[in-house]
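Each residue of the sequence shown is one higher than the one before, starting from 137 at the first, in the numbering used here. Each residue gets a CB set at the ideal place from its N, CA and C atoms; glycine is no exception.
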Amino acid sequence: MTPDLCGPEELSPEEPCKEESVNTLENSSSDEYLSDDNDDPAYIPERSVETPVRNINLRPRRAVQYAEKDDHDIKQLCQELEEAYSPVSSAAEERAARREAALKAQQFLHDAAEVDSCLADKAAALASGDVGNDRHRATQLLTRHKAVELELDTYAAIIAEMGHVAQSMASGGHPEGAALVTRHDQLAGSLARLQRLAASRQAALMESVCSESWQRLVEQIQSRSQRLAAPGEIHRFHRDAGDLLAGAGERRTRLAPPPAPLDLRAVTALLRDHDAAENDMVAIDAQT
């Protein structure tokens, strides 16, 4: 409501004249302002805006002059303005909160899409069946695989942090909280499958590297066995030859001419010793 500033109950006979003089001054100022800039059409929009603004700015001045009666009405208008502004402000805050929540959800989904794309690339690398044809190639593939495992560890930390964010948004009553938690579970499942695939590929690469190394070790053992076989035979020959020489010396001593026997018993004993010596010589001949 607009207060009636010129009511007959509150104004004295001199006050209408004051108001008329003020209005006359305002109109003359406005006309003077318009006449000064009448020649430039570019100022027409500015004048059309400035004139009502100046008039509005002059109203509180008149209101202050005649505010004894209208103070209550002005306060009531301010209260009505505050009451009308309060729901608008609340609605704006609610809308800002919804926009912020939607932004967080879209940012989460964008990050999830990027992580999912990177995991797909790592899955293609881990699905390769190439384990190398030799030790050098297998070692190169194993080095690359270790780099992929480090990247998977990095993505594991990122996905874990995204899980905390999703749980926080779901606990805070976010409208898409359940969907975000489900999306995080999908990423965690993809990461777990890739980690199992990485462990399997690492075992295959290690087996390839170790197989090559083991084959080389077997070949080295066989070569060393062959190199050691000849010296062993030589050592055994020298040992056997020494034993035979010792036995031959002993037999030579036993075959020395004995003293003449004195009776038949002594002759029989000498014959038995001679037969035993001959048998030993036959055995030595067989060994040589």
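If you look at E287, you'll find it in the alpha helix (DSSP H) that goes R271 to S307.
With fewer than 16 other Cβ atoms inside 10 Å of its own Cβ, L407 counts as exposed. Non-local beta-carbon contacts of H310 in its own chain, meaning distances under 8 Å to residues more than five positions away in sequence, involve A237, K240, A241 and L316 in chain order. Assigned with DSSP and collapsed to three states, P393 falls in coil, not helix or strand. Taking the C-beta atoms as reference points, H281 is found no nearer than 7 Å to Q331.
Annotation for D266: no residue places its beta carbon closer than 6 Å to its own, counting only its chain and skipping 5 residues before and after. CA-to-CA, the gap between L341 and L333 works out to about 12 Å. About 5 Å separates the beta carbon of L277 from that of G268, a gap short enough to meet the 8 Å contact definition.
About 27 Å separates the beta carbon of G368 from that of D416, a gap too long to meet the 8 Å contact definition.
Looking at the backbone, the Cα of F373 and that of L398 are separated by about 44 Å.
Taking a contact as a CB-CB distance under 8 Å, the pair L327 and A292 counts as one, their CB atoms being some 6 Å apart. Note on R401: under 16 other CB atoms within 10 angstroms of its CB, so exposed under the neighbour-count rule. For G313, the secondary structure class from DSSP, reduced to helix, strand or coil, is helix. A residue is called buried once 16 or more other Cβ atoms fall within 10 Å of its Cβ, and S307, having fewer, is exposed. When the alpha-carbon of V345 is set against those of H208, I210, D270 and R235, the nearest one is in D270. Nearest to H320 by C-alpha distance, out of I210, F244 and V224, is F244. P393 and A377 have their C-alpha atoms roughly 26 Å apart.
The beta carbons of I295 and L255 sit no closer together than 7 Å. Taking C-beta atoms as the reference points, G299 and M305 fail to come closer than 7 Å.
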